[in-house]
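Q: Residue numbers (the numbering used here): 6 to 261. One structure, as structure tokens, below. Some questions next.
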């Protein structure tokens, strides 16, 4: 679908509606073709999202830590310190904390979306534990976190006149498309019967990793009386030494 189209209002004035400024959006339009061969849009709608499941409150805060872009190598400082950090973790108990690992654009797996999980052989010791999970990219889980490693934003940004990456990700959510530019400028698997990059359920949290800086939009209203937390733009740890912590009860308080 083109990023611009003309809409004829009830007062017969033509207006230009700027959707997202790139192709790949799922939209239904109603209208007619005029004498000049221009399709005049009288009405349009986007795909509806399903309301997520209601979450129950917790007696105490639970924390989710997100980090991206470690770029581990023999020359990186964190690589040399990794053993120390691992031992510190063991002092707490490795059974309490689940560790989810998602692939990114430079990792040893197929670059086409959705990226398949990294092979457990890359983590010979950690992968033996039930608490270490290698996940696909994108991926979602129970408190519905919809997360990507950031390729969708990195590919859309240079093609759009929108210079706010948070706004781009918000538009992707509202238009039900994780990566609308696939497969034109971002490679993906050629699915026939279904498209895993189409958003069918509203997530509680939607974010992307490996971004230039940390930024969050907070809660936005997707449909009436329904909000979602946009914990967007988790920066590359290699560039910023930053990570992000989300408090579960704060999310529940706002969603309830």
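Think of the CB as a built atom: it goes at the ideal place given N, C-alpha and C, for glycine as much as any other residue.
How would you label residue 197, buried or exposed, when you count the other beta carbons within 10 angstroms and need 16 or more for buried?
A: Exposed, because fewer than 16 other Cβ atoms sit within 10 Å of the Cβ of residue 197.
Q: Would you kindly check if the distance between the Cβ of residue 143 and the Cβ of residue 183 is under 8 Å?
A: Yes, the Cβ-Cβ distance between residue 183 and residue 143 is below 8 Å.
Q: Quick one: Cα of residue 156 to Cα of residue 175, how far?
A: The straight-line gap from Cα to Cα measures roughly 15 Å.
Q: State the CB to CB distance for the pair residue 44 and residue 32, rounded to an integer number of angstroms; the pair is presumed to be in contact (CB under 8 Å).
A: At roughly 13 Å, the Cβ-Cβ gap does not stay under 8 Å, so residue 44 and residue 32 are not in contact.
Q: Let me make sure I understand the geometry here. Which of 180, 172 and 121 has the alpha-carbon closest to that of residue 207?
A: If we check each option's Cα against that of residue 207, 180 comes out closest.
Q: Enumerated in chain order, which unbroken segments of the alpha helix (DSSP H) with a length of 4 residues or greater are wholly contained in the segment 166–236?
A: Those alpha helix (DSSP H) runs which fall completely within the segment 166–236 and span 4+ residues are 170–179.
Q: Please say whether residue 108 and residue 122 have beta carbons closer to each other than 8 Å?
A: Taking 8 Å as the Cβ cut-off, residue 122 and residue 108 qualify as a contacting pair.
Q: May I ask you to list the residues that DSSP assigns as paired with residue 136?
A: Partner(s): none; residue 136 has no beta bridge.
Q: Starting from residue 40 and walking both ways along the beta strand (DSSP E), at which residues does that stretch end?
A: Looking at the DSSP string, residue 40 is not in any beta strand (DSSP E), and its letter there is neither H nor E.
Q: Return the chain-ordered list of same chain residues with a C-beta closer than 7 Å to the C-beta of residue 262, the five sequence neighbours on each side being excluded.
A: No answer is possible for residue 262: the residues shown for the chain start at 6 and end at 261.
Q: Can you have a look at residue 154 and say buried or exposed, based on whether 16 or more other CB atoms are within 10 angstroms of its CB?
A: Label assigned to residue 154: buried.
Q: Nearest-angstrom Cα distance between residue 39 and residue 186?
A: About 30 Å.
Q: Look at the alpha carbon of residue 211 and the alpha carbon of residue 124, and state the distance between them as a whole number of angstroms.
A: For residue 211 and residue 124, the distance between alpha carbons rounds to 25 Å.
Q: To which residues of the same chain is residue 193 closer than 6 Å at the C-beta, ignoring the five residues directly before and after it?
A: Here the set comprises 117, 118 and 187.
Q: For the putative contact between residue 138 and residue 145, defined by C-beta atoms under 8 Å, what is the C-beta separation to the nearest angstrom?
A: At roughly 13 Å, the Cβ-Cβ gap does not stay under 8 Å, so residue 138 and residue 145 are not in contact.
Q: Start and end of the beta strand (DSSP E) containing residue 106?
A: Residues 104–106.
Q: State the start and end residues of the unbroken beta strand (DSSP E) segment that holds residue 152.
A: Per DSSP, residue 152 belongs to the beta strand (DSSP E) from 150–153.
Q: Thinking just about the alpha-carbon of each residue, which of 169, 140 and 34 is nearest to the one in residue 221?
A: It is 169 whose Cα lies nearest to the Cα of residue 221.
Q: Which of the three DSSP states, helix, strand or coil, is assigned to residue 162?
A: Here residue 162 sits in helix by DSSP.
Q: How big is the Cα-Cα spacing for residue 177 and residue 110?
A: One C-alpha to the other measures close to 20 Å.
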